[in-house]
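UniProt numbering applies: residue 1 is where the sequence shown begins, and numbers increase by one.
Don't be surprised by glycine CBs; every beta carbon is placed ideally from N, CA and C.
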Amino acid sequence: FGFHPCIPQLLSAWHQLQGKTVFMIAPTGFGKTLTFWIPLFASNDRILIIVTPLNILGDKNAQK
1 FGFHPCIPQL LSAWHQLQGK TVFMIAPTGF GKTLTFWIPL FASNDRILII VTPLNILGDK
61 NAQK
């Protein structure tokens, strides 16, 4: 992807891949989007639910 993930991103992805539920609150620009997409790409049987208070963020996630 052309970037180096930070420790919280790696931990989040690792826990998700272990089958654990992850709840994350992080500031704008942290890299939350890729954090929750990586485990989805790693498995064919996962369901991803994204809750966002802003329509523009929801639209961006849906387009990706």
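Cα-Cα separation, residue 29 to residue 45
Distance between residue 29 and residue 45, taken at the CA atoms: about 29 Å.
Can you list, in chain order, the residues of its chain with a C-beta nearer than 6 Å to that of residue 33? Leave out the 5 residues immediately preceding and following it.
Once the five neighbours on either side are set aside, residue 33 has no close Cβ partner at all.
Go ahead and pull the three-state DSSP assignment for residue 33.
Helix.
Residue 4 (DSSP reduced to helix, strand or coil)
In the three-state scheme derived from DSSP, where H, G and I count as helix and E and B as strand, residue 4 is classed as coil.
Contact with chain B by residue 43, beta-carbon distance below 9 Å:
Absent from the structure: chain B. Only one protein chain is present.
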